[in-house]
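Data first, discussion second: the structure below is written as structure tokens.
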Amino acid sequence: MSIPVIYLDTCSIQRPLDDKSQPRIYLEAEAILAILQLVEAKELELLSSDVLGYEISKIPSINRQSEAKALLKISSKNAPVKPSTKELSEKIIAIGVKPFDALHAAVAIENNVRFFCTCDDKLLKKLKSLDFGDNTKFVSSLELIVEVTT
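Residue numbers (UniProt numbering): 1 to 150.
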């Protein structure tokens, strides 16, 4: 059986760096940290992308930026943005998804990622409505930890 490949968008990668005084943020951060432990244990494979690298490089806080970059170092592969990725992202933008979010989703779909994780509720709702006949499942961090540990 192959190791499931996952993709964490920028907000998921940053979740462990957020203020955890709210219960939901605390739980999501803990879920992301547990997911990253599974990646380090080689029970999951993390896909990075040029989109993530670029978006992380634009984080205003140098501390958050360096922490996010450090988290990406455990990824096994980096996916480039190809012309086909941009074409697919345009179809995703057409359903109301923001351009960077659409690029993240397109990278995940094109690379046959099993789970695409985001902490953005509005984005998640839109992505769950997608039907490109792909194998990528769009999940929250809490849904992802349940999927990969049960």
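We treat Cβ as the ideally placed atom computed from N, Cα and C, and that holds for glycine. Predicted, not measured: the structure shown is a model, and the values here were computed from it.
- Taking all protein chains shown into account, F116 has 16 or more neighbouring C-beta atoms within 10 Å of its C-beta and is therefore buried.
- With respect to the 9 angstroms criterion, G53 and N78 are classified as neighbours on the basis of their beta carbons.
- In this structure V113 is buried. Its beta-carbon is surrounded by 16 or more other beta-carbon atoms within 10 angstroms.
- Secondary structure of K137 (DSSP, three-state): strand.
- Counting C-beta pairs with one atom in each stretch, the region 78-90 and the region 25-33 have fewer than three that are closer than 8 angstroms, which means they do not touch.
- Within the UniProt domain "PIN" (6-124), the complete beta strand (DSSP E) segments at least 3 residues long are 45-49, 77-79, 115-117, listed from N- to C-terminus.
- Contact between I109 and A102 fails: their C-beta atoms lie close to 10 angstroms from each other, not under 8 angstroms.
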